[in-house]
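Enquirer:
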Amino acid sequence: MKNPLESIRESKPLVHHITNWVTIYDCANITRAFGALPIMAHAPEECADMTGISTVFVLNIGTLTTELIDAMILSAKAANEKNMPVVLDAVGVGATKFRDEMAAKILDSVRVDIIKGNYSEIAKLAGENAITRGVEATSIEADPKKIAKEFAKARSCVVVMTGAEDIISDGERTFVVKNGHELMGSIVGTGCMAASIIGSFAGVNSDLCEAAKDALCYFGIAGQLAAEKSAGPGTFKMYLYDEVYNLSDEKAQSMMNFEEC
Numbered sequence: 003m004k005n006p007l008e009s010i011r012e013s014k015p016l017v018h019h020i021t022n023w024v025t026i027y028d029c030a031n032i033t034r035a036f037g038a039l040p041i042m043a044h045a046p047e048e049c050a051d052m053t054g055i056s057t058v059f060v061l062n063i064g065t066l067t068t069e070l071i072d073a074m075i076l077s078a079k080a081a082n083e084k085n086m087p088v089v090l091d092a093v094g095v096g097a098t099k100f101r102d103e104m105a106a107k108i109l110d111s112v113r114v115d116i117i118k119g120n121y122s123e124i125a126k127l128a129g130e131n132a133i134t135r136g137v138e139a140t141s142i143e144a145d146p147k148k149i150a151k152e153f154a155k156a157r158s159c160v161v162v163m164t165g166a167e168d169i170i171s172d173g174e175r176t177f178v179v180k181n182g183h184e185l186m187g188s189i190v191g192t193g194c195m196a197a198s199i200i201g202s203f204a205g206v207n208s209d210l211c212e213a214a215k216d217a218l219c220y221f222g223i224a225g226q227l228a229a230e231k232s233a234g235p236g237t238f239k240m241y242l243y244d245e246v247y248n249l250s251d252e253k254a255q256s257m258m259n260f261e262e263c
């Protein structure tokens with residue numbers, strides 16, 4: 003898609019989240035800054051109905067509970083019935099047995115179209131040796147590009163591995179996104195925000211691999227521009243929202259830094 007940001011701002015896809023309580027405010031605001039519409043309905047009594055009127059469903063297991071997992075599965079089933087994209091942010095997989103089991107339960111219960119996590123989270127989901135320290139990535143033994151490609155092929159989905167360089171694969175194409183800035187790791191929530199942005203872009207582009215690649219390029223570019231004005235994490239976060247809001251397809255496309263491998 004040539005002008006994804008223009009498409010988002012024109013069509014305003016409704017992105018339903020069942021997400022991380024730590025970062026829910028940031029996810030809502032970054033979705034809105036890009037031009038999409040966020041909604042967060044967690045109650046099992048209404049979550050599937052809310053998904054039914056949405057464009058995309060984003061789930062994030064950062065602050066999971068048993069009830070929340072049940073709501074996620076209810077909503078994801080509603081999304082599957084409507085054939086809308088489902089994005090899973092596998093936050094903290096590898097940190098605890100419960101978290102690993104709940105991520106597996108989601109993947110075994112519903113179709114997930116985009117699975118996102120940092121290098122160790124995705125490696126753990128893919129059955130590789132990896133340990134997650136809280137929600138922080140640790141080193142992994144295998145080649146991350148190979149993990150992403152093989153896991154995507156095995157699950158028939160798009161896999162997104164975020165880090166200093168982001169890897170996106172649908173099992174056939176694999177992109178490495180090099181946009182971004184180290185200050186993006188200095189504030190809590192940029193990973194969760196990335197899932198919301200991927201959802202927003204997936205709401206206007208049925209090529210979900212391309213949508214995820216574009217989303218991470220655009221977000222990384224906003225981070226680069228914000229870092230130029232920032233004195234530290236506090237001002238960086240403020241400028242990040244402004245740069246997203248003022249970003250154009252023309253500017254972003256002139257700064258996109260990715261390769262296909």
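For what it's worth, our numbering labels the leading residue of the sequence shown as 3, then goes sequentially. A virtual CB, placed ideally from N, CA and C, is assigned to each residue, including glycine. Everything numeric in this text was worked out from a predicted model, so none of it was measured.
What would DSSP say about G119, mapped onto helix, strand or coil?
Expert: Strand.
Enquirer: For S208, count the other beta carbons within 10 Å of its own beta carbon; 16 or more makes it buried, fewer makes it exposed. Which is it?
Expert: Exposed.
Enquirer: Beta-carbon separation of I116 and A38 under 9 Å?
Expert: Contact: no.
Enquirer: Are the segment 14-33 and the segment 186-199 in contact at 8 Å, needing three or more beta carbon pairs?
Expert: Yes, the segment 14-33 touches the segment 186-199.
Enquirer: In three-state terms, what does DSSP make of S56?
Expert: DSSP places S56 in coil when its eight states are reduced to three.
Enquirer: Determine the extent of the beta strand (DSSP E) in which E212 is found, giving its start and end residues.
Expert: Per DSSP, E212 belongs to no beta strand (DSSP E); it is in the alpha helix (DSSP H), L210 to K231.
Enquirer: Give the straight-line distance between the Cα atoms of E245 and Y27, rounded to the nearest whole angstrom.
Expert: Spanning the two alpha carbons is a distance of roughly 18 Å.
Enquirer: DSSP on N31, reduced to helix/strand/coil?
Expert: In this structure, N31 counts as helix in the three-state DSSP scheme.
Enquirer: Using DSSP with H/G/I as helix, E/B as strand and the rest coil, what is N62?
Expert: N62: strand per DSSP, three-state reduction.
Enquirer: Buried or exposed: which applies to M240, given that a residue is buried once 16 or more other Cβ atoms fall within 10 Å of its Cβ?
Expert: So M240 ends up on the exposed side.
Enquirer: Determine contact between the segment 109-124 and the segment 161-176, defined as no fewer than three beta-carbon pairs at a distance below 8 Å.
Expert: In short, these stretches touch, since the Cβ pair count reaches three.
Enquirer: Using the three-state DSSP reduction, which class does E12 fall into: helix, strand or coil?
Expert: The answer is helix: DSSP assigns E12 an H, G or I state.
Enquirer: At which residues does the alpha helix (DSSP H) containing I265 begin and terminate?
Expert: Since the first residue of the chain shown is 3 and the last is 263, residue 265 is not available in this structure.
Enquirer: Using C-beta distances below 6 Å, list every residue in its chain close to D216, excluding the 5 sequence neighbours before and after it, in chain order.
Expert: P6 and F203, listed in sequence order.
Enquirer: Do the CB positions of L127 and D91 come within less than 9 Å of each other?
Expert: It is not a contact, given that the beta carbons lie outside the stated cut-off.
Enquirer: From the DSSP output, in three-state form, read off L249 for me.
Expert: L249: coil per DSSP, three-state reduction.
Enquirer: Could you spell out the range, first to last residue, of the alpha helix (DSSP H) harbouring M195?
Expert: Per DSSP, M195 belongs to the alpha helix (DSSP H) from T192 to A204.
Enquirer: Roughly how many whole angstroms lie between the Cα atoms of T176 and F36?
Expert: Roughly 25 Å between the two C-alpha positions.
Enquirer: Classify D168 as helix, strand or coil using the three-state DSSP reduction.
Expert: Note: D168 maps to strand in three-state DSSP.
Enquirer: Which class does P87 belong to by DSSP, given the choice of helix, strand or coil?
Expert: P87 falls in the coil class under three-state DSSP.
Enquirer: Starting from P40, trace the beta strand (DSSP E) both ways and give me its first and last residue.
Expert: Per DSSP, P40 belongs to the beta strand (DSSP E) from L39 to M42.
Enquirer: Name the two residues that bound the continuous beta strand (DSSP E) containing E262.
Expert: Where E262 is concerned, the enclosing beta strand (DSSP E) stretches over F260 to E262.
Enquirer: For a quick check, are the C-beta atoms of M86 and T53 less than 9 Å apart?
Expert: Against a cut-off of 9 Å, the Cβ pair of T53 and M86 comes out as a contact.
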